[in-house]
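**Q** The letter at position 153 of the sequence shown is residue 153 when you use UniProt numbering, and the numbering goes up by one with no holes. Don't be surprised by glycine CBs; every beta carbon is placed ideally from N, CA and C.
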Amino acid sequence: MKNKTRCAWAGNDSLYQNYHDNEWGRPVHDDRILFEMLILEGMQAGLSWITVLKKRENFREAFDNFDPNIVAGYGADKIETLMGNSGIIKNRLKINSAVTNAQAFLKIQDEFGSFDNFLWAFVDNNPIKNSWKSMSEVPPQTELSDKISKELKKRGFKFIGSTIVYAYMQAVGVVDDHTADCFLYEGV
């Protein structure tokens, strides 16, 4: 699909293009993947997304394939092991937040039946489809990402500010921000 016009951020990197073409903006309803993307978006804070994508397989291996039941039980020894893993982003606050977020994620699953039910209720189970002409029009956050961020923080999540939440919403298809010139653009 090299001849396809994509959202400008996908550039010429094949890893970025594959992520753009096959994941970004597509609705996700699998709780494990929703948890993985939540943790990866938090890991990305202050870094480029390509940095996270290049380390994604290492993250999956290091974080037990992002099984929230396992990550929620990580103790000091596991955190030290993760801090010594050169294949991931070694930021103690972000690693600790993954554990805290796994615990909060499980509580939401208990309360709502799934994290999917919780998240998608914010949009009545219908993705928001935007109609941006270029990436410069795409906001870094919205009233909805503010609302979701506030709710997640109230429930104990960390590294979950509104900008991270908006990137998460884009990643898991809660919002479709493919630009009008992109071959994946479906319009509104």
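Of all the options 45, 33, 168 and 177, which has the alpha carbon lying nearest to the alpha carbon of residue 132?
**A** Indexing the sequence shown from 1 puts residue 132 at position 132. Considering only alpha carbons, the answer is 177.
**Q** What is the residue span of the alpha helix (DSSP H) that residue 67 lies within?
**A** Numbered from its first residue, the sequence shown carries residue 67 at position 67. Looking at the DSSP string, residue 67 is not in any alpha helix (DSSP H), and its letter there is neither H nor E.
**Q** Starting from the C-beta of residue 106, find all residues in its chain whose C-beta is less than 8 Å away, skip the five residues before and the five after it, and write them out in chain order.
**A** Against the sequence shown, residue 106 aligns to sequence position 106. If we look at residue 106 and ignore the five residues flanking it on each side, its Cβ neighbours are 68, 69 and 72.
**Q** Can you have a look at residue 121 and say buried or exposed, based on whether 16 or more other CB atoms are within 10 angstroms of its CB?
**A** Sequence index remark: in the sequence shown, residue 121 carries index 121 (1-based). Label assigned to residue 121: exposed.
**Q** With C-beta atoms as the reference, is residue 164 less than 8 Å away from residue 153?
**A** By 1-based counting over the sequence shown, the position of residue 164 is 164. By 1-based counting over the sequence shown, the position of residue 153 is 153. It is not a contact, given that the beta carbons lie outside the stated cut-off.
**Q** Since residue 129 sits in a beta bridge, which residues does DSSP pair it with?
**A** To locate residue 129, count along the sequence shown from 1; it is residue 129. DSSP, once it has assigned bridges, lists 176 as partnering residue 129.
**Q** Can you tell me which of the three DSSP states residue 141 falls into?
**A** Sequence index remark: in the sequence shown, residue 141 carries index 141 (1-based). If DSSP states are grouped into helix, strand and coil, residue 141 belongs with coil.
**Q** Would DSSP call residue 213 helix, strand or coil?
**A** As displayed, the chain neither begins before 1 nor continues past 188, which places residue 213 out of reach and without an answer.
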